[in-house]
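For reference, the structure is listed below as structure tokens.
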Amino acid sequence: MARAITENTENTLFYGDNFDILREYFIDECVLGPWGILKRELYEMLMARMTLTKVSCMPARKREIIKKVVQEEYFMATFVEVQTQHPHPDSLLAKVVSGTPLLNNKDQGLIAEVPSQRWNRETFSWSPVIAKMACIDNGNEALKGVMPIANAPYLARLRVPTAYTPAKKLRGGDGRITWRVNGSEDFWMGDDALETKKAESLPVGFSPERFPDHRFQRFIAAFQVELLVRAGHGKRDASGKLMEGGQGEFNIFLSIGLPPEEVDRNGATPEAREALKYIFNKPFEVVRVDEQGQETTWHLCFVEFVPYGQTFGSFCAWYYTLEGTPIATNIDRHITLDIGGGQFHICEVEIVPRSGESRPKLRMSAEQIGEGTILIARGVSEAIRQQYRTIQLSDAEAQHVLLNRMISVGGRRQPVNDIVSQVIASRADNLNSLIVKYLQYGQSFLMFTGGGSVLLHDTLLHLVNTHRKADSFYFVPPEIAPFLNAIGGLVLAQASAQRAISRREAQQAILRREAQQAISHHDTQQAAAAAGER
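Following numbering that gives the first Met the number 0, the numbering of the sequence shown begins with 0 at its first residue and continues without gaps.
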């Protein structure tokens with residue numbers, strides 16, 4: 000077989016005789032353009048893994064060609080050259096992207112349980128408890144959560160669109176996961192709610208607008224239970240399957256991502272703290288009925304919050320190792336562009352070395368600079384309504400259509416690729432105009448994340464390539480981008496968890512010392528009494 004790849008220019012590779020086969024494989028990943036040009040900047044760490052996975056499903060001749068191309072020395076050299084400089088291999092982000100076990104240099108995983116306190120409503124006092132560590136990125140378009148998997152050094156991840164609808168009694172066919180919280184109505188949430196075409200959008204905005212809503216309180220409690228299920232908690236049989244009935248009590252030590260405007264150097268703002276009180280130390284009885292009708296009951300309580308600015312979480316995943324130490328980097332100005340569903344935030348961090356100290360100073364500022372993909376989703380909703388006058392989409396449904404490009408017309412699934420593409424082309428200019436000034440500011444390193452960075456990847460990449468060199472920006476891989484704020488938030492909470500553990504250990508040391516002193520004093524008294532008797 001003739002050599003498949005020849006170097007054309009400094010930044011491109013061209014696939015020769017076997018281009019058609021490679022295009023068939025790669026085109027869905029938006030790597031190859033229609034002319035067979037493969038930009039080096041388009042490589043993601045995901046690609047190298049997916050290549051060897053997906054070829055196994057292809058005919059033998061194609062499999063041989065692709066394996067040979069993937070294993071070409073300079074193909075892998077290009078991949079390494081582009082990607083190893085960011086993220087740093089010791090960072091939490093790099094470990095999550097590569098799928099390696101999350102173990103530090105002492106072979107220890109992330110903290111999964113934290114000593115905490117829970118308010119006892121019967122005795123009106125605080126009771127010591129052990130809480131499970133979790134993190135929820137409280138996004139407007141979807142909740143994203145992560146928590147350590149039980150007995151495994153990995154993270155469970157969960158994303159649920161913020162859509163809600165009362166459940167109906169299903170009398171046949173396949174079931175849906177159905178929820179009931181504190182005796183509420185039965186309801187469906189997320190994709191299950193969107194599939195009904197009658198989904199209600201939950202409140203969008205800041206915490207004081209969201210947490211008072213009873214549906215949202217039920218939603219976040221059900222979300223946390225589903226995250227516990229994903230992480231392997233609950234009562235399981237020998238095969239690991241969840242068993243029916245009561246699952247026990249779960250106290251949650253929650254790192255919670257809030258809009259940057261609701262967090263300052265002292266933690267959550269007073270308004271955000273008041274909003275969080277709606278779920279703080281509130282008992283939740285969550286009933287979960289799975290698709291097969293199996294019912295489980297979970298008792299849940301959020302006993303402690305560690306609020307953080309959402310976009311700052313992404314930076315922390317890029318900057319910190321599992322031990323919580325900074326990576327070694329010569330980058331001194333890092334800007335995260337987080338294109339979310341409801342809002343578009345930037346987080347700018349100055350990394351200032353300190354003479355004689357290993358840890359640099361960090362100065363962080365963050366703000367909302369525009370709307371997120373909701374701007375495009377509403378455009379899609381409007382365009383669909385103009386073409387199909389009887390179809391009206393909620394914001395949650397419009398975001399769903401934006402992602403999967405399908406609607407139901409007359410009871411039939413129908414693609415709307417052209418409508419979505421046209422709206423993205425017309426309305427993405429607004430987001431691009433917000434980004435250009437950061438591209439033109441050449442003294443910063445840019446990191447793109449959030450669901451919008453995945454949705455608009457091609458458009459953004461073309462824009463970035465016209466202004467920046469490959470080593471001055473990074474696109475978080477699409478399978479990680481929606482969760483990066485939550486992953487970083489979990490790192491931030493590790494410090495609070497470690498302080499709580501240290502406090503408990505110090506208290507236990509004092510108690511042990513006092514007990515030993517009491518025993519010693521008692522032994523001394525007994526010895527003195529025995530001597531007196533003699």
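By construction, the Cβ of each residue, glycine as well, lies at the ideal position given by its N, Cα and C atoms. Note that the structure is a prediction, hence the values are computed from the model and not measured.
Please report the distance separating the alpha-carbon of residue i from that of residue j.
{"i": "GLN534", "j": "THR372", "result": "Residue numbering for the chain in the displayed model covers 0 to 533; residue 534 lies beyond these limits and cannot be assessed."}
{"i": "PHE343", "j": "THR448", "result": "10 Å"}
{"i": "SER560", "j": "GLU140", "result": "Beyond the ends of the chain as shown, which are 0 and 533, falls residue 560; an answer cannot be given."}
{"i": "LEU459", "j": "ASN431", "result": "7 Å"}
{"i": "ASP89", "j": "ALA327", "result": "9 Å"}
{"i": "GLU370", "j": "GLY323", "result": "32 Å"}
{"i": "LEU483", "j": "TRP317", "result": "9 Å"}
{"i": "VAL128", "j": "ARG175", "result": "34 Å"}
{"i": "SER357", "j": "GLU349", "result": "16 Å"}
{"i": "VAL68", "j": "ASP136", "result": "Because the pLDDT of VAL68 is 45, which lies under 50, any placement of that residue in the model is unreliable, and the question is left without a value."}
{"i": "SER313", "j": "ALA365", "result": "12 Å"}
{"i": "TRP187", "j": "LYS167", "result": "9 Å"}
{"i": "PRO414", "j": "SER420", "result": "12 Å"}
{"i": "LYS196", "j": "GLU396", "result": "7 Å"}
{"i": "THR320", "j": "ALA508", "result": "30 Å"}
{"i": "ASP428", "j": "ALA505", "result": "57 Å"}
{"i": "SER97", "j": "PRO152", "result": "13 Å"}
{"i": "ALA469", "j": "MET132", "result": "37 Å"}
{"i": "GLY231", "j": "ALA220", "result": "17 Å"}
{"i": "PRO100", "j": "ALA111", "result": "15 Å"}
{"i": "ASP236", "j": "GLU294", "result": "15 Å"}
{"i": "PHE249", "j": "MET363", "result": "34 Å"}
{"i": "THR310", "j": "ILE345", "result": "7 Å"}
{"i": "SER206", "j": "GLU260", "result": "11 Å"}
{"i": "GLY601", "j": "PRO258", "result": "One cannot answer for residue 601 here, as it falls past the ends of the chain, which runs 0 to 533."}
{"i": "GLY245", "j": "SER238", "result": "18 Å"}
{"i": "HIS213", "j": "ASP331", "result": "44 Å"}
{"i": "ASP289", "j": "SER407", "result": "25 Å"}
{"i": "ILE255", "j": "ASN181", "result": "22 Å"}
{"i": "ASP457", "j": "VAL351", "result": "33 Å"}
{"i": "GLY171", "j": "PRO165", "result": "18 Å"}
{"i": "LEU157", "j": "TYR437", "result": "31 Å"}
{"i": "LYS276", "j": "VAL262", "result": "16 Å"}
{"i": "ARG467", "j": "PHE301", "result": "44 Å"}
Using DSSP bridges, identify the partner residues of residue i.
{"i": "VAL286", "result": "ARG179 and THR296"}
{"i": "GLU303", "result": "PHE252"}
{"i": "ILE135", "result": "GLY144 and ILE255"}
{"i": "GLY245", "result": "THR296"}
{"i": "GLN342", "result": "GLU370"}
{"i": "LEU336", "result": "ILE345 and PHE447"}
{"i": "ARG235", "result": "LEU241"}
{"i": "ASP594", "result": "Coverage of the chain is limited to positions 0 through 533, which leaves residue 594 absent and any answer about it impossible."}
When burial is assigned at 16 or more other CB atoms within 10 Å of the CB, is residue i buried or exposed?
{"i": "GLY123", "result": "The sequence shown places Phe at residue 123, rather than the Gly named in the question. Exposed."}
{"i": "TYR440", "result": "exposed"}
{"i": "ASP224", "result": "The question names Asp, yet the displayed sequence has Val at residue 224. The residue in question, VAL224, is buried, as its Cβ has 16 or more Cβ neighbours within 10 Å."}
{"i": "ILE518", "result": "exposed"}
{"i": "LEU169", "result": "exposed"}
{"i": "ALA192", "result": "buried"}
{"i": "GLU184", "result": "exposed"}
{"i": "LYS143", "result": "buried"}
{"i": "MET146", "result": "buried"}
{"i": "ARG384", "result": "exposed"}
{"i": "SER354", "result": "exposed"}
{"i": "HIS399", "result": "buried"}
Does DSSP put residue i in a helix, a strand or coil?
{"i": "HIS399", "result": "helix"}
{"i": "PRO481", "result": "helix"}
{"i": "GLU366", "result": "strand"}
{"i": "GLY312", "result": "helix"}
{"i": "LEU445", "result": "strand"}
{"i": "ASP258", "result": "It should be noted that the sequence gives Pro, not Asp, for residue 258. Note: PRO258 maps to coil in three-state DSSP."}
{"i": "PRO86", "result": "coil"}
{"i": "GLN515", "result": "helix"}
{"i": "GLU270", "result": "helix"}
{"i": "GLU349", "result": "strand"}
{"i": "LEU321", "result": "coil"}
{"i": "LYS360", "result": "strand"}
{"i": "ALA327", "result": "coil"}
{"i": "ALA230", "result": "coil"}
{"i": "ASN265", "result": "coil"}
Contained beta strand (DSSP E) runs [length at least 3] in the stretch 92 to 128, N- to C-terminal order | Counting only unbroken stretches of 3 or more residues, the beta strand (DSSP E) elements lying wholly within the stretch 92 to 128 are 112 to 119, in sequence order.
Residue ranges of each alpha helix (DSSP H) run of no fewer than 4 residues wholly in the stretch 139 to 222, ordered along the chain?
-> 190 to 193 and 206 to 209, all fully within the stretch 139 to 222.
What beta strand (DSSP E) runs, 3 residues minimum, are completely inside the stretch 451 to 504?
-> Within the stretch 451 to 504, the complete beta strand (DSSP E) runs of at least 3 residues fall at 472 to 474.
Every unbroken alpha helix (DSSP H) inside the stretch 372 to 423 [4 residues or more] = Counting only runs of 4 or more, we get 373 to 386 and 394 to 403.
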